[in-house]
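Visitor: Taken in sequence, the protein lines are chains U and L.
Residue 1 is where the first sequence starts when you use our numbering, and the numbers rise one by one after that.
Residue 1001 is where the second sequence starts when you use our numbering, and the numbers rise one by one after that.
There are 2 protein chains.
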Amino acid sequence: MTKYDSSKYEKPSVTVDLVIFTIQERDLKVLLIRRGIPPFQGKWALPGGFVGIKEPLEAAALRELEEETGVGDVYLEQLYTFGEPKRDPRMRVITVAYYALLPWSEVVGGTDAREARWFSVYDHPKLAFDHDKIVDYALERMRNKIMYVPIAFQLLPEKFTLTELQQVYEVILNSTLDKRNFRKKILASGLLKGTRQTRLEGRHRPAALYTFVPQDLGA
Amino acid sequence: MTKYDSSKYEKPSVTVDLVIFTIQERDLKVLLIRRGIPPFQGKWALPGGFVGIKEPLEAAALRELEEETGVGDVYLEQLYTFGEPKRDPRMRVITVAYYALLPWSEVVGGTDAREARWFSVYDHPKLAFDHDKIVDYALERMRNKIMYVPIAFQLLPEKFTLTELQQVYEVILNSTLDKRNFRKKILASGLLKGTRQTRLEGRHRPAALYTFVPQDLGA
DNA sequence: ACAAAAGTGTTGGTGTTACACCCATGT
DNA sequence: ACATGGGTGTAACACCAACACTTTTGT
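1. Kindly indicate which three-state DSSP category Gln1024/L falls into: helix, strand or coil?
2. With C-beta atoms as the reference, is Val1016/L less than 8 Å away from Leu1076/L?
3. Just to confirm the assignment, what range does the alpha helix (DSSP H) spanning Thr1163/L have?
4. So is Leu1018/L in contact with chain U if we call contact Cβ pairs under 8 Å?
5. In angstroms with no decimal places, state the Cα-to-Cα distance between Thr1002/L and Arg196/U.
6. Assign Val93/U to one of two classes, buried (16 or more other C-beta atoms within 10 Å of its C-beta) or exposed (fewer than that).
7. Is the CB of Ile1053/L under 8 Å away from at least one CB in chain U?
8. Considering Leu1102/L, what are the terminal residues of the alpha helix (DSSP H) in which it resides?
9. Could one say the Cβ of Glu1066/L lies closer than 8 Å to chain U's Cβ atoms, at least one of them?
10. Going by CA-CA distance only, name the one from Gly190/U, Ala45/U, Ile37/U and Val74/U that's closest to Ala116/U.
11. Flag Arg1031/L as yes if its beta-carbon sits less than 8 Å from any beta-carbon of chain U, otherwise no.
12. Here's a check: name, in chain order, each residue in its chain whose Cβ is nearer than 8 Å to the Cβ of Pro85/U, leaving out the five neighbours to either side.
13. Bridge partners of Arg203/U, per DSSP?
14. Below 8 Å on C-beta distance, what does Thr195/U contact in chain L?
15. Could you name the residues of chain U that Pro1056/L contacts, counting a contact when the two beta carbons are closer than 7 Å?
16. With burial defined as no fewer than 16 other Cβ atoms inside 10 Å of the residue's Cβ, what is the status of Thr198/U: buried or exposed?
17. The beta strand (DSSP E) that contains Arg1117/L, what's its start and end?
18. State the CB to CB distance for the pair Leu1156/L and Val1168/L, rounded to an integer number of angstroms; the pair is presumed to be in contact (CB under 8 Å).
19. At which residues does the beta strand (DSSP E) containing Leu187/U begin and terminate?
20. Pull up the distance between the alpha-carbon of Gly1036/L and that of Pro39/U, whole angstroms please.
21. Is Tyr221/U helix, strand or coil when you go by DSSP?
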């Protein structure tokens, strides 16, 4: 790094791409955009865009997120940087991928004119570029993370039932969990505070509503 | 991403930076380079350099690694991408950080002319740029990873004693471990195969030598 | 009364921690 | 004989997995 003059070298383009997750209808959804221009015209792809020359990476990711979803204050985490020389056939593009978790209750339309749709993570069309790989990577990261860090709450509204919370885990892990063990563990964790409210939904016993209690960031 | 023409935009420079770890004298060491030119002239910094326009990111990291250490076939993992606009005072530089684990037995000199030295991770000078943050991040990542994934072997020669292995864990975690529990767990894991050899070192009972048995990458 | 989802405990097994002494060698 | 690090087992506890019935509501 010391002996190079960067101006002598051709520079790659740098973009951010976003894997935006939400949960709807007991399914894990990812937001995709239909490409209007080549390459991969007509194909679905992750939302993303170029990083401004004075723009922090995370700011670029947040900007794209807000353009596509209209939502600002959500969980956002850098995932991985993909830089294969041929991943974009036109030119060298290095992309810093992020993933975001969005409560279904906050999903509104984006302001952007591009065609956007939510697809099941488990059933979506083949994507442009290496975006299938990026989605797989995001899913794997999220599955690991949810075992240790309480990120599931980022996909729920402020108040939720234990069954809803369990469904978040089940949909992400793509497996079923034991109801009694799940409730025992989650209640023992101290992450939840019971509101004194219930929610009545259908002709059966109403469910108790809980909220997430923010952690001391034991630093 | 669809409606921009990248050529209209100024592009950032992209570099890779490496946190190269090894273990010597029961201490965790990191390789640093003394900067010969501004900015931060005379300061110590992580080895790194620009990514070639047609060069994969990992290839750039491996190239730097080999230039500095003369070693090729080691553990290398992408860490995080740092892109604060002002992290390099001269211009916009986005750096993709990697970390590498190097067996102390393979440490030779680099071919590069720059002044390089191994420093204790727990006692090193303040570094140039945001490199202190990168080292901290690498250490944190490695500490998490070693709990789940057998990366400790990447810091040892092919044959090693259980005490040496335990010292690797202790130096990385910066804590002491119980000898009996450590041996019980590591032997039960099936990661080790006993060679039938021992090593005699000092006036005490010789230690049994083990090798790492490569895992099925359960894909 | 019945259909539907909410809610609730116990048991066996597995893994983790804490802890102290004998062994093989060189001098 | 002693100094040095190598090597070994057990008991208490915490955590995890398996498993079935009762409760509350709307119709």
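Idealized CB from N, CA, C, for every residue including glycine.
Guide: According to the structure shown:
1. strand
2. no
3. Leu1162 to Leu1173
4. no
5. Only weak support is given to the placement of Thr1002/L: the predicted model assigns it a pLDDT of 44, under 50, and the value that follows is read from those uncertain coordinates. Approximately 49 Å between the Cα atoms of the pair.
6. buried
7. yes
8. Unbroken run through Leu1102/L: none, as it is neither H nor E.
9. no
10. Ala45/U
11. Note on identity: in this sequence residue 1031/L is Leu, with Arg being the wrong assignment. Taking Cβ atoms only, chain U never reaches closer than 8 Å to Leu1031/L, which makes this a no.
12. Arg92
13. Its beta-bridge partners do not exist; DSSP assigns none.
14. Chain L residues near Thr195/U: none, gap ~34 Å exceeds 8 Å.
15. Gly83, Glu84 and Pro85
16. exposed
17. Ala1116 to Ser1120
18. 6 Å
19. No beta strand (DSSP E) holds Leu187/U; the alpha helix (DSSP H) holding it covers Lys179 to Ala188.
20. 44 Å
21. As displayed, chain U neither begins before 1 nor continues past 219, which places residue 221/U out of reach and without an answer.
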